[in-house]
Amino acid sequence: MAFDKDAMVQQLSGLTVLELVDLVEALKETWGVEAAAAMPAGMMAGVAAAPEAAAEEQTEFTVSITSAGDKKLQVIKEVRAITSLGLKEAKDLVEGGGVVKEDISKDEANEIKAKLEAAGAAVEVK
1 MAFDKDAMVQ
11 QLSGLTVLEL
21 VDLVEALKET
31 WGVEAAAAMP
41 AGMMAGVAAA
51 PEAAAEEQTE
61 FTVSITSAGD
71 KKLQVIKEVR
81 AITSLGLKEA
91 KDLVEGGGVV
101 KEDISKDEAN
111 EIKAKLEAAG
121 AAVEVK
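Numbering (my numbering), first residue to last: 1 to 126.
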């Protein structure tokens, strides 16, 4: 059965206000929805702009090691150079995984990620 929009509009145009109210109530019950109030055009522009403001670009990043890989010694050396940690602390960080550096710029995060990946680690930037 094909939908005939013109026939539907014609049929709805012939309804009384009470019949329309009954129809709306029946549709609410059947579909479980509520009719939303219409917004003035000026308000629509503000609503459309709100998600854009919420989607601001991230400015601080955190670099974490997820896996040391096969060249654990190289990764430990690189972590020591990046963080100035002692040998034991750097070894524990590499073996256990965790945050190498946090609250840094995107460029610095990408640079650290590249260094650690070149040393053989699996790295995550958030």
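Every residue gets a Cβ at the ideal spot worked out from N, C-alpha and C, and that includes glycine.
Counted as a single uninterrupted DSSP element, the stretch harbouring Thr83 is not any beta strand (DSSP E) but the alpha helix (DSSP H) occupying residues 72 to 83. In the three-state scheme derived from DSSP, where H, G and I count as helix and E and B as strand, Asp22 is classed as helix. When only Cα atoms are considered, Ala26 and Glu19 end up about 10 Å apart.
In its chain, beyond the 5 residues on either side, no residue has a beta carbon closer than 6 Å to the beta carbon of Val9.
Note that the C-beta distance between Val125 and Leu116 is not below 8 Å. Straight through space, the alpha carbons of Glu56 and Lys113 are spaced by roughly 23 Å. Taking Ala118 as reference, the option from Val79, Glu34, Asp4, Glu29 with the minimal CA-CA separation is Val79. In terms of CA proximity to Ser84, Val100 leads the group Glu95, Glu111, Val100. Each residue's CA atom was taken as its position, placing Asp107 and Ala2 some 57 Å apart.
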